[in-house]
Structures are given as structure tokens and as C-alpha cells.
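A.B. asks:
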Amino acid sequence: MYKVRRWVVRNSRFFEAVYRTFEPVIIKLHPLWKRIGYERVEAPVRFVEKNVKGFLFDCQMCGKCALSSTGMSCPMNCPKNLRNGPCGGVRADGNCEVVPEMRCVWVDAWEGSQQMKGSDRIHAVQLPVDNRIKGSSSWLREVRQAVEIHDPDNQGARR
1 MYKVRRWVVR
11 NSRFFEAVYR
21 TFEPVIIKLH
31 PLWKRIGYER
41 VEAPVRFVEK
51 NVKGFLFDCQ
61 MCGKCALSST
71 GMSCPMNCPK
81 NLRNGPCGGV
91 RADGNCEVVP
101 EMRCVWVDAW
111 EGSQQMKGSD
121 RIHAVQLPVD
131 NRIKGSSSWL
141 REVRQAVEIH
151 DPDNQGARR
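So the sequence shown is numbered by my numbering: it starts at 1 and just counts up by one.
Below, the structure written as C-alpha cells:
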């Protein structure tokens with residue numbers, strides 16, 4: 001997984017483009033998700049998300065994905081679970097102080113973000129993970145949030 005994770009970061013611009021294509025598609029599926037019931041689709045979507053993101057990003061399924069802001073480097077792979085930048089212990093070679101054979105996920109995040117069109121998103125402050133949503137689908141959560149932002153009363157789904 002570690003080698004795949006590092007490869008994805010080196011190709012973060014490509015994965016950013018994939019994400020920018022995928023996100024509107026999954027949002028457009030909101031009427032389907034709503035008709036079936038978000039509770040009922042959670043398990044199959046979570047299964048797919050866990051396997052895809054687990055393989056590519058070594059995703060920890062925190063429920064609040066930050067990959068598009070962190071150069072496609074999952075901050076939850078940090079042994080200290082730091083979501084807003086590296087600790088003061090990054091080694092001179094860019095490796096982690098806790099796991100010396102592992103590159104610091106935040107060094108990877110910075111390098112990956114610099115290849116992305118949205119490189120400034122790495123400066124966005126990430127809120128702490130709500131442990132109540134760990135293990136749930138961040139894809140479905142993003143859909144619900146996007147629908148609420150664009151249609152707060154959810155009128156589009158009632159038509």
C-alpha cells in the first residue's frame with residue numbers, strides 16, 4: 001500500500017482531475033440515493049469507497065476526507081493523526097519521527113499539492129475528525145452537503 005500511496009501523490013494532478021470528474025457525477029445521483037435511502041446505500045457505497053480509496057490512498061475511512069486538499073496524501077496516515085500540517089519532528093530527510101522508514105505524510109501532501117490546480121487548498125484548516133462518523137462514507141456525506149448548499153430546502157429532490 002505504501003508504494004501505491006506514494007505513486008498517487010506523485011500523480012496527484014491526475015487524481016485531482018479524476019476527483020473533479022467523479023464528484024459531480026456522484027452528486028447528480030442524489031435523487032437515486034434519496035429514493036433508495038441513504039441508510040440503505042451506505043454499506044455498499046462504503047464498501048466500494050473503502051476498497052478503492054484504501055488501495056490508492058491507504059485510506060483510513062475517517063468519514064471526513066481531505067485528499068483533495070492535501071495533495072492526495074491522507075493525513076490520517078500520520079502516526080500522530082495530524083490533520084493540519086507536520087509536527088516539529090519531521091526528519092531532515094523528510095521522514096517521520098515516529099516511523100523513521102516512512103516519509104512524512106505532510107511532506108508528501110505539500111509536494112502533491114504543488115502539482116495540483118487547487119494547490120492553495122492545502123492551507124485550508126481541517127476540522128478534527130468526528131469519531132462518530134469514522135468508518136462511514138465521505139462520498140455520501142459530500143453529496144448531502146453539496147445538495148444542502150445548492151438546495152437548502154431540498155426542493156430539487158421533491159419535484
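C-beta atoms are modelled at their ideal positions from N, C-alpha and C, and glycine is treated no differently.
#1: Tell me the rounded alpha-carbon separation between residue 158 and residue 141.
#2: Please name the residue, chosen from 117, 18, 74, that lies closest to residue 1 on a Cα-to-Cα basis.
#3: Does DSSP put residue 84 in a helix, in a strand, or in coil?
#4: Could you give the first and the last residue of the continuous alpha helix (DSSP H) run that contains residue 52?
#5: Span of the alpha helix (DSSP H) holding residue 114?
#6: Do the CB positions of residue 56 and residue 9 come within less than 8 Å of each other?
#7: Would you decide whether residue 77 is buried or exposed? Buried here means 16 or more other CB atoms lie within 10 Å of its CB.
#8: Does the separation of the CB atoms of residue 118 and residue 63 fall below 8 Å?
#9: If you count every other CB in all the chains shown that lies within 10 Å of the CB of residue 112, and 16 or more means buried, which is it?
C.D. replies: Let me lay it out:
#1: Unreliable positioning characterises residue 158 in this predicted model, as indicated by a pLDDT of 42, which lies under 50. The coordinate reading is nonetheless provided below. For residue 158 and residue 141, the gap between their C-alpha atoms comes out near 19 Å.
#2: 74
#3: coil
#4: 38-57
#5: Run containing residue 114: 105-115, per the alpha helix (DSSP H) assignment.
#6: No, the Cβ-Cβ distance between residue 56 and residue 9 is not below 8 Å.
#7: That one is buried.
#8: no
#9: buried
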